[in-house]
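This report concerns only the one structure given below.
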Amino acid sequence: MERNDAVMPAVAIVVAAFMWILLLFMFNNDTKPTAVVADPALTAVIQKEWPVTGKVIFEANCAGCHGAVGQGGVGPKLAGNPAVTGDHALVVTRILKGKAPMPAFGKEYGGQLADNQVYAVANYVLNSWGNKSTDLVTPATLAEGAGKVSPEVIRVRSRFVPEEIILPEIFLVTFVMLLLTYGIIGLYSHWAEGAELKPGIHKVRSTPMVMTAMIASLAGVVLFSVLFVKQILQGLAGMNATPPLPPQVTAEGFYAAMVVLLLALVLGIYKKYFMDGEVVVEDASGEFPW
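Heads up, this note's numbering is the position in the sequence shown plus 1092, with the first residue counted as 1.
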């Protein structure tokens, strides 16, 4: 007889948990707000030059995609767009760093615009074609908004995932998934088949408690499926509302996870209490008779 050991699968899951914590620390470091120094001299330059300099830069670099009067085109609409007017820090960040298909324009990110030019064009966008910013956007504005999470960021990727996944992070994610898969399958085998694999046909019988657990699990699958669909529809409606509302990403993820976990529980209960099984062992030659 072979032992159906649960020790190594449990160890694999513990190791995966530690690696996941490490991955979260790496993600946190990648997504933390960039420190911004509010330079008074730069602020003075911005206040003086944005109307003219910003217009020149916009017409030369931005109008081709966003339209001459911010009406949109290849790029999104800028005139009267709440996603633009409602998050000034995001406007500066997009011009600085870009986001596909929009290239980065800040010099420190491979573009051709100096800091004062970036702020000039940002202020031009926020104060043209009907857009009206209460205050001019300066490094102080960016510093104040650096720690905030805008609905647009939540919508496209959530605040917990870096925009670019680096190789060490890819390795950790892959290894965590392998360890979890091995661990879950091993623990499931230990639970469903017992500590020792005994050769022969195994007849199983359900009990009233098992039937209750199966019905409750199936009801949970239906319940969380309905809640998940409802949450998705609410999120879609929120994106089209005025002003747009961010979806509840946490709720969506929770409902989806509960559906998957309950389906796994249903399959596990079925395998252990409703499905006859057979255990085979090695024959005299050391081979399994598949």
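For every residue, glycine included, the Cβ atom is placed at its ideal position computed from N, Cα and C.
Assigned secondary structure, residue i (DSSP; H/G/I helix, E/B strand, else coil)
{"i": "Ile1364", "result": "Reading off the sequence, residue 1364 comes out as Lys, not Ile. Lys1364: helix per DSSP, three-state reduction."}
{"i": "Lys1140", "result": "helix"}
{"i": "Gly1190", "result": "coil"}
{"i": "Leu1264", "result": "helix"}
{"i": "Leu1325", "result": "helix"}
{"i": "Leu1205", "result": "strand"}
{"i": "Gly1159", "result": "coil"}
{"i": "Gly1275", "result": "helix"}
{"i": "Gly1198", "result": "strand"}
Close Cβ partners of residue i (< 6 Å) along its chain, the five nearest in sequence each way excluded
{"i": "Val1268", "result": "Ala1108, Met1111, Trp1112"}
{"i": "Pro1195", "result": "none"}
{"i": "Lys1295", "result": "Asp1368"}
{"i": "Gly1203", "result": "Ala1196, Phe1197"}
{"i": "Leu1337", "result": "Gly1330"}
{"i": "Val1210", "result": "Ile1187, Leu1188, Gly1198"}
{"i": "Gly1327", "result": "Pro1339"}
{"i": "Phe1150", "result": "Val1213, Tyr1216"}
{"i": "Thr1230", "result": "Thr1135, Ile1138"}
Expected contact under 8 Å - CB spacing of residue i and residue j to nearest Å
{"i": "Val1183", "j": "Leu1218", "result": "6 Å"}
{"i": "Gly1275", "j": "Ala1160", "result": "About 58 Å; that fails the 8 Å criterion."}
{"i": "Val1341", "j": "Leu1310", "result": "Their Cβ separation, rounded to whole angstroms, is 27 Å, which puts Val1341 and Leu1310 out of contact at 8 Å."}
{"i": "Asn1208", "j": "Ile1257", "result": "Not really, about 33 Å apart at Cβ, beyond 8 Å."}
{"i": "Ala1422", "j": "Gly1162", "result": "Residue 1422 lies beyond the stretch modelled for the chain, which goes from 1093 to 1382, so this question has no answer here."}
{"i": "Ala1284", "j": "Lys1363", "result": "5 Å"}
{"i": "Leu1279", "j": "Ala1102", "result": "7 Å"}
{"i": "Trp1142", "j": "Leu1205", "result": "13 Å between Cβ atoms; not a contact."}
Contact set for residue i: own chain, Cβ-Cβ below 7 Å, skip 5 residues either direction
{"i": "Gly1146", "result": "Ala1212, Val1213, Asn1215, Tyr1216"}
{"i": "Ala1343", "result": "Gln1323"}
{"i": "Ala1152", "result": "none"}
{"i": "Val1106", "result": "none"}
{"i": "Gly1222", "result": "Ala1171, Gly1172"}
{"i": "Ser1281", "result": "Asn1096"}
{"i": "Lys1169", "result": "Gly1162, Gln1163"}
{"i": "Val1302", "result": "Ile1361, Tyr1365"}
{"i": "Cys1157", "result": "Gly1165, Val1166, Gly1167"}
{"i": "Ala1348", "result": "Phe1320"}
Sequence-distant residues of its chain with Cβ nearer than 8 Å to residue i (five each side left out)
{"i": "Arg1297", "result": "Tyr1365"}
{"i": "Ser1225", "result": "Thr1177, His1180, Asn1215, Leu1218, Asn1219"}
{"i": "Met1350", "result": "Gly1312, Phe1316"}
{"i": "Leu1271", "result": "Ala1104, Ile1105, Val1107, Ala1108, Met1111"}
{"i": "Tyr1201", "result": "Leu1188, Lys1189, Gly1190"}
{"i": "Ile1277", "result": "Pro1101"}
Residue i: CB within 7 Å of a non-hydrogen atom of the ligand ATP
{"i": "Gly1156", "result": "Among the ligands in the structure shown, none appear at all, so the ligand ATP cannot be discussed."}
Residue-level contact to chain D via CB, residue i, 8 Å cutoff
{"i": "Asn1215", "result": "The displayed structure is made up of one protein chain only, and chain D is not part of it."}
Can you find at least 3 beta carbon pairs, one from the region 1314 to 1321 and one from the region 1259 to 1273, that sit closer than 8 Å? They do not touch, by the three-pair rule.
Would you be able to state if there are at least three C-beta pairs under 8 Å between the region 1303 to 1318 and the region 1349 to 1367? yes
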